[in-house]
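Anchor point for the sequence shown: position 140 equals 1003 in our numbering, and the numbering is continuous, going up by one each time.
Even glycine gets a Cβ: it sits at the ideal position worked out from N, Cα and C.
Comments concern the structure below.
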Amino acid sequence: MAGLEGIEQPRGEGRATAARWSPAVEDEHALKAFELFGNPTEAEVPLPSRPESAATARRLAQVVVLRQWGLTPKMTEDAVLLVSELVGNAVRHTGARVFGLRMRRRRGWIRVEVRDPSRGLPCLMPVQEMDISGRGLFLVDKLSDRWGVDLLPRGKTTWFEMRVADR
């Protein structure tokens, strides 16, 4: 792991953990994130605007979508990816110190919301095959059934919805 000196590692996730990654270890991290930050289906979960919050949000989504909602592995994979994209946008583009993550399920749909204090609107950009960045909203647009932005008096909520089969 040469070259990682000086890069801040998320607490409890040093080099040794990266070398021992497994589904069981990832599952343990997901449950720990759930305990530390809360359940985004019960209330909005505040997360610090730092790059490692994308991993935290993915883990929270994984617990909710796979365990609580019992959705298919493909649906879980897509939802977790899109959560990461919305959170990444909030961290990179809003200047917020904290943003909120909320997940809801209603008959036939799931909805994920990321709220931040910026009123700057995200922009869906054309994507070229060789682009290495700027694909976030493109993925949200392609993998979700619908998405949008709700302006608030102080900030906005960026959201996506996906159709799901009811149990």
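Only residues of its own chain outside the window of five on either side were considered, and among them A917 and G999 have a CB closer than 7 Å to the CB of G951, listed in chain order. With contacts defined as CB atoms closer than 8 Å, T904 and Q925 fail to qualify as a contacting pair. Its Cα nearest to that of F962, the residue G1018 stands out among L899, G1018 and V888. Residue pairing by DSSP places K1019 opposite D979 and L1014 in a beta bridge.
Within a 10 Å sphere around the beta-carbon of L964 sit 16 or more other beta-carbons, which makes this residue buried. CA-CA distance, A896 to P989, rounds to 34 Å. Around the beta carbon of D979, 16 or more other beta carbons lie within 10 angstroms, which makes this residue buried.
DSSP places M988 in the coil class of the three-state scheme, outside both helix and strand. One Cα belongs to L894, the other to G1011, and the distance between them is close to 29 Å.
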